[in-house]
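Chains A and B, in that order, are what the protein sequence lines are. For the first sequence, the working numbering gives the first residue as 1, with consecutive numbering after it. For the second sequence, the working numbering gives the first residue as 241, with consecutive numbering after it.
2 protein chains.
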Amino acid sequence: MSHPIRVSEIFGPTIQGEGALIGQPTVFVRTGGCDYRCAWCDSLHAVDADYRHTWAPMQAEAVLAEVARLSGGRPILVTLSGGNPAIQPLGPLIEAGRTQGYRFAMETQGSVARDWFADLDMLVLSPKPPSSGMGVDWVAFGACLSAAGEVRAVLKIVVFDEADYQWAREVAGRYPSLPLYLQPGNHTPPPPGDDAAAVDHAGIEARMRWLVGRVVADGWYGATVLPQLHVTLWGNTRGV
Amino acid sequence: MSHPIRVSEIFGPTIQGEGALIGQPTVFVRTGGCDYRCAWCDSLHAVDADYRHTWAPMQAEAVLAEVARLSGGRPILVTLSGGNPAIQPLGPLIEAGRTQGYRFAMETQGSVARDWFADLDMLVLSPKPPSSGMGVDWVAFGACLSAAGEVRAVLKIVVFDEADYQWAREVAGRYPSLPLYLQPGNHTPPPPGDDAAAVDHAGIEARMRWLVGRVVADGWYGATVLPQLHVTLWGNTRGV
């Protein structure tokens, strides 16, 4: 038996709602626990220790069995998210899944590097901007990129305001070769335990329009600007 | 002087609202005239001969100059759309633009093949489903693919209903190696000349949720499902 994975939820198939793989059918494996605590976290039920009792320790085989049950046994893209999935022992899950045809994308802030990043199909690094209240350890971040090796790595940056936007510009300058996705933040994230809470769709769409205009005004044509489709379609509801 | 291009509108930069390049900053060059007349056409001002007086004949150099003016002289993705841009002499525009660093994606139904398809950066083939009232000439469609050669080609299919969906499944079976994007149709397209007309956002979002559910129910994990972001963000307004 290897170390168990702390799992907050496994759900899908649905579509990936954001970033480089937007629109692709996927099953999400959301792990519990995070070394960050972003001010606007939209997944507190997988971050806040108050919800630790909802996180199940599962062996890789059990996680893969649940993914296969949800996908009808057909290989699908598996999205590893959190919390910070990099603090979980996901190597055996990825290795076993890939032999069965599953593909794996992982979303992490880039604070913890693991050698099994090199076994992913895509590494989505999402460094947190000033509005999060978190700071980025760029040495650790660089180690994540190094660990990914030849695996396709992309940047995804959530933007709430002008300070976040300027910060994203600096990050792009630091990693000019990485594809970069900008995403307007959701200022009405779900309070954990109340995923029926209202979402300010109009406000989020206004931020999206502002972000498009901001990129255009700067002639920053290498950036891709995408919303969170799942929020548009399903609000803060979990499991879709 | 080469033959002029019939131009309906040149606008941007904005983001590409749909398909494989969704979210990427781009300038649109929309040509006037079409060999199709889809029942739910969302660009009748570039299709209906009643609007022919609004289409300007322009030389490739003039089109490129306008694109460069809009982009601030910075190379950007240029999206060639219509109408059917394949019936226009776009080869010289693409050739001149590429020498200056511009990239070109073209959206066409696949009814007319041109040898300059091979000079594009992406060819988006959008065969029209039953709800359009149009039929597909698969020989001509195959010629478009052949003309593209090594250029990245993708399929984009608009889906309004179950018949369209089943048809999309057949097309996917016919071209298993082409990436395929499904897009819920807009049943409230703008009447030409009234781009402030109301859009049934709730209805379009309901169709998007249905389409995601349909793909998931069939385990069709190779399909990507994406909405028209520009309709969500700007309704039927032209020029964005």
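Virtual Cβ for every residue (Gly too), placed ideally from N, Cα, C. As the structure is a prediction and not an experimental result, all values here were calculated from the model.
What residue does the alpha helix (DSSP H) around residue i start on, and which one ends it?
{"i": "Q166 of chain A", "result": "162-174"}
{"i": "T54 of chain A", "result": "Careful: T54 of chain A lies outside any alpha helix (DSSP H) and carries neither H nor E."}
{"i": "I444 of chain B", "result": "441-457"}
{"i": "R309 of chain B", "result": "300-310"}
{"i": "T232 of chain A", "result": "229-234"}
Closest by CA to residue i, which one among the options?
{"i": "A436 of chain B", "options": "B:G475, B:G425, B:A463, B:V455", "result": "B:G475"}
{"i": "A20 of chain A", "options": "A:V240, A:Q228, A:W116, A:N186", "result": "A:Q228"}
{"i": "A206 of chain A", "options": "A:S132, A:H230, A:G185", "result": "A:G185"}
{"i": "D35 of chain A", "options": "A:G239, A:A140, A:W116, A:I204", "result": "A:A140"}
{"i": "W116 of chain A", "options": "A:G173, A:V124, A:G91", "result": "A:G91"}
{"i": "G239 of chain A", "options": "A:P190, A:G219, A:A223, A:M208", "result": "A:P190"}
{"i": "D42 of chain A", "options": "A:V199, A:V171, A:V29", "result": "A:V199"}
{"i": "T254 of chain B", "options": "A:Q59, A:T224, A:T237", "result": "A:T224"}
{"i": "D50 of chain A", "options": "A:A62, A:Q59, A:R37", "result": "A:R37"}
{"i": "L333 of chain B", "options": "B:T271, B:L284, B:A383", "result": "B:T271"}
{"i": "L418 of chain B", "options": "B:D458, B:S366, B:W450, B:G453", "result": "B:S366"}
{"i": "T79 of chain A", "options": "A:P57, A:T108, A:I87", "result": "A:T108"}
{"i": "V171 of chain A", "options": "A:F160, A:L211, A:K156", "result": "A:K156"}
{"i": "A60 of chain A", "options": "A:I10, A:Y181, A:A46, A:L44", "result": "A:I10"}
{"i": "A442 of chain B", "options": "B:G257, B:Y415, B:K368, B:T428", "result": "B:T428"}
{"i": "P192 of chain A", "options": "A:G12, A:G23, A:R52", "result": "A:R52"}
{"i": "S386 of chain B", "options": "B:M298, B:V452, B:A353", "result": "B:A353"}
{"i": "V269 of chain B", "options": "B:A279, B:H285, B:V307, B:G257", "result": "B:V307"}
{"i": "P62 of chain A", "options": "A:R214, A:I5, A:H45", "result": "In the sequence as displayed, the identity of residue 62 of chain A is Ala instead of Pro. Ranking A:R214, A:I5, A:H45 by Cα distance to A62 of chain A puts A:I5 first."}
{"i": "D161 of chain A", "options": "A:D121, A:G213, A:L180", "result": "A:G213"}
{"i": "S81 of chain A", "options": "A:D194, A:H45, A:Y165", "result": "A:H45"}
{"i": "A148 of chain A", "options": "A:G133, A:P176, A:M106", "result": "A:M106"}
{"i": "D218 of chain A", "options": "A:G133, A:Q166, A:D48", "result": "A:Q166"}
Please look up how many angstroms separate the CB atoms of residue i and residue j, rounded, as I've assumed it's under 8 angstroms.
{"i": "A163 of chain A", "j": "P130 of chain A", "result": "5 angstroms"}
{"i": "C336 of chain B", "j": "L363 of chain B", "result": "Residue identity differs from the one stated: residue 336 of chain B is Ala in this sequence, not Cys. Contact flag wrong, Cβ pair sits at about 19 angstroms."}
{"i": "T54 of chain A", "j": "S8 of chain A", "result": "7 angstroms"}
{"i": "P89 of chain A", "j": "H3 of chain A", "result": "5 angstroms"}
{"i": "Y70 of chain A", "j": "V136 of chain A", "result": "For clarity, residue 70 of chain A is Leu in the given sequence; the question names Tyr instead. About 34 angstroms separates the two Cβ atoms, so there is no contact after all."}
{"i": "T232 of chain A", "j": "T472 of chain B", "result": "7 angstroms"}
{"i": "D119 of chain A", "j": "R103 of chain A", "result": "In fact, because the Cβ distance is near 11 angstroms, the residues do not count as touching under 8 angstroms."}
{"i": "L226 of chain A", "j": "G263 of chain B", "result": "4 angstroms"}
{"i": "I327 of chain B", "j": "G273 of chain B", "result": "6 angstroms"}
{"i": "P25 of chain A", "j": "V456 of chain B", "result": "6 angstroms"}
{"i": "L451 of chain B", "j": "L420 of chain B", "result": "13 angstroms between Cβ atoms; not a contact."}
With DSSP run on the structure shown, which of helix, strand or coil describes residue i?
{"i": "V7 of chain A", "result": "strand"}
{"i": "T266 of chain B", "result": "strand"}
{"i": "P432 of chain B", "result": "coil"}
{"i": "G331 of chain B", "result": "helix"}
{"i": "G462 of chain B", "result": "coil"}
{"i": "P424 of chain B", "result": "strand"}
{"i": "G259 of chain B", "result": "helix"}
{"i": "P253 of chain B", "result": "strand"}
Could you please give the first and the last residue of the uninterrupted beta strand (DSSP E) stretch that includes residue i?
{"i": "V393 of chain B", "result": "According to the sequence shown, residue 393 of chain B is Ala rather than Val. 392-399 is the extent of the beta strand (DSSP E) around A393 of chain B."}
{"i": "T79 of chain A", "result": "77-81"}
Can you list the beta strand (DSSP E) stretches of 3 or more residues lying completely in the stretch 97-146 of chain A, in chain order? 103-108, 122-125
Short of 8 angstroms Cβ to Cβ, which residues in the stretch 438-458 of chain B face chain D? No chain D is part of this structure, whose protein chains are labelled A and B.
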